[in-house]
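Notes follow once the structure below has been shown.
Chains as they are written, first to last, in my numbering: chain F, 1365 to 1636; chain R, 152 to 470.
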């Protein structure tokens, strides 16, 4: 097997016990997604565990982002999309008829590829979600703004200009603001769709450190094109290829000893 | 061993085999066209200023005409300034909300490309192409004869109250006429908002309505104001739509109710140029009236532009 580059020596191939014993939080059962008549996701089964980082990798167009967006039902916004199978979060089918999408999205936050702060002040960006969900008390909002910005490792950089425009921040700061905005409404799960792909290496390092910090409180599912990133931050990795989940295992396993030939070819850079 | 680099082809102009005449010609043509437009505008403005300024006085713009409107000593246009301003303001109050709501429906709710959306779009495009006199006749037929007369009957009026030309019907007719401008400008503004902002709001658990009201519309506000400015510019100088729907040849008092008729600057210019028995004597008044109309239109626009600039500035500052 060809040697693959890991950031540090893979000395620790003994799995930390926490990874195996973590409780399942998200379960997909035979999920299929159709754009009109074309099938973009083919019978995906996966169980994602609580308070871990799970990475989705695979070549462009393999369906990993589409699958990610099933968990907060962002695919509902696209015309002609049909989803079959079951998607459970904490045992509840999120596609059941009586599910309130608003409640779901409060529980499942999202950070997008391109940072998308609202053209409002830094403070109002974070307060937006809180006000939506009925928080009116100013001191309470102040508190959450501070704790969210601290949680997103942004507080020290912006505490003196909370009321200036978020658009004046750098790309990396904007993305951390988007993370702060997502955690402000205390979701259980944070979905991240290539959150660092538009950032420079230093800003990327900050986001990665942040993700490792956030997993103490949140379950994180991250789509990434950057395989080093997946090895650095994720506990589990799922490899997707043309709408199928090819392999899903501990990240160390996927990158050192994958079971499938396709996975090995991809993680060693032979295709994709 | 290195291969010798071939000598680069000369970049100098005269080595080119084909002199680029077409490009030079086209540059000249575009410049000429631009200059032509500016020259025509300048000529019109200079002409009006030159002939209009002498007739302009404080008395002229601040007096209600009581005696002979064709006589330079007694001519005055306060009633017309008030009438034109009122009809433009009432029009704006109606056209902006209706136009914005229509644009929101078309861009945010209607299935794009469906038959009925396409029909609505074609209808809007055609509405923009209808001659203004047709709007005037429509206003007479629809607002006065249909809605107005029926309102009178329903409310048991002794004489016609709504079933006659009024400033309300004239303003509504203008609102119908300028609707396409507002719809198209708003649609462009809505489309220009990055989809990422909508997604961000929805992903935080906002409903579609909350997203539109709190994120989409506030950010589209400058574009909506552009629509308003265009609508005001178009409407302020229009005479045909108000001809049958509300304008009066002469009124002794300023309009005080929505059911009053009104005097109008554009219509007054028409009156001065067609009804005078001594056109030479009336001409300075005519020029002064037109100058006042232009100044009014410009100042209404200026208000819109200043408000828009302030909103843009506030948005950049993050409020």
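Glycine included, C-beta positions come from ideal geometry on N, C-alpha and C.
For residue 1628(F), the CB contacts under 6 Å within the same chain, skipping 5 residues up- and downstream, are 1622 in chain order. In the three-state DSSP reduction, residue 1542(F) falls in the helix class (H, G or I). Burial check for residue 1439(F): the Cβ neighbour count within 10 Å reaches 16 or more, so the residue is buried. In this structure, the alpha-carbon of residue 406(R) lies about 41 Å from that of residue 261(R). Neighbours of residue 1556(F) across chain R, judged by C-beta separation under 8 Å, do not exist; the nearest C-beta is about 11 Å away.
Every unbroken stretch of the alpha helix (DSSP H) spanning 4 or more residues and falling wholly within the segment 1380-1431 of chain F is given here in chain order: 1381-1385. Interface annotation for the segment 442-469 of chain R against chain F: 466, 467, 468 and 469, criterion Cβ-Cβ distance under 9 Å. Of the candidates 285(R), 330(R), 248(R) and 208(R), the residue whose Cα lies closest to the Cα of residue 272(R) is 330(R).
Taking 3 residues as the shortest admissible run, the segment 222-294 of chain R contains no complete beta strand (DSSP E) segment at all. Residue 1431(F) places its beta carbon less than 9 Å from that of residue 1405(F). Cβ-Cβ distances below 6 Å link residue 1391(F) to 1411 and 1452 in the same chain, with the five nearest sequence neighbours on each side left out; the list follows chain order. The beta-carbon of residue 183(R) is placed no less than 9 Å from the nearest beta-carbon of chain F. For residue 1603(F), the uninterrupted beta strand (DSSP E) run begins and ends at 1600-1605, by DSSP.
Between the beta-carbon of residue 1482(F) and that of residue 183(R) there is about 46 Å, and that puts the pair past the 8 Å contact cut. Identification of chain F residues near residue 353(R) by a Cβ-Cβ cut-off of 8 Å yields 1438, 1441 and 1469, ordered along the chain. From the beta-carbon of residue 1496(F), the residues of chain R found nearer than 7 Å are 355, 356, 357 and 361. Contacts with chain F at 9 Å (Cβ-Cβ) include residue 365(R). In this structure, the alpha-carbon of residue 1388(F) lies about 24 Å from that of residue 1476(F).
One finds nothing in chain R with a Cβ atom closer than 8 Å to the Cβ of residue 1515(F); even the nearest lies about 16 Å away. Under the Cβ criterion of 9 Å, residue 345(R) is counted among the residues facing chain F. Only residues of its own chain outside the window of five on either side were considered, and among them 199, 203 and 420 have a CB closer than 7 Å to the CB of residue 441(R), listed in chain order.
Here residue 226(R) is not near residue 382(R), since their CB atoms are 9 Å or more apart. With at least 16 other beta carbons inside 10 angstroms of its own, residue 1596(F) counts as buried. Judged by DSSP secondary structure, residue 1450(F) falls within the beta strand (DSSP E) whose first and last residues are 1445-1453.
Inclusion of residue 1554(F) and residue 1547(F) in the CB contact set at 9 Å is warranted, their separation being smaller than that value.
Against chain R, the CB of residue 1399(F) has no partner CB under 9 Å away; the residue lies outside that interface. Close to residue 1492(F), with beta-carbon spacing below 7 Å, are these residues of chain R in chain order: 355.
Closest in alpha carbon position to residue 1399(F), among 1386(F), 1494(F) and 1441(F), is 1441(F).
In the three-state reduction of the DSSP assignment, residue 1557(F) falls in the strand class, which pools E and B. Residue 369(R) and residue 461(R) have their alpha carbons spaced roughly 13 Å apart. The way I'd put it, the segment 398-405 of chain R doesn't touch the segment 291-298 of chain R; fewer than three beta-carbon pairs between them come closer than 8 Å. In this chain, residue 389(R) is not harboured by any beta strand (DSSP E), its DSSP state being neither H nor E. Looking from the CA of residue 366(R), the closest CA among 1612(F), 1455(F) and 1496(F) belongs to 1496(F).
Of all alpha-carbon atoms in 1569(F), 1550(F) and 1586(F), the one lying nearest the alpha-carbon of residue 1558(F) is that of 1586(F).
The beta carbon of residue 361(R) lies closer than 8 Å to those of 352 in the same chain, with the five residues before and after it left out.
A direct Cα-to-Cα measurement between residue 1588(F) and residue 1420(F) gives close to 6 Å.
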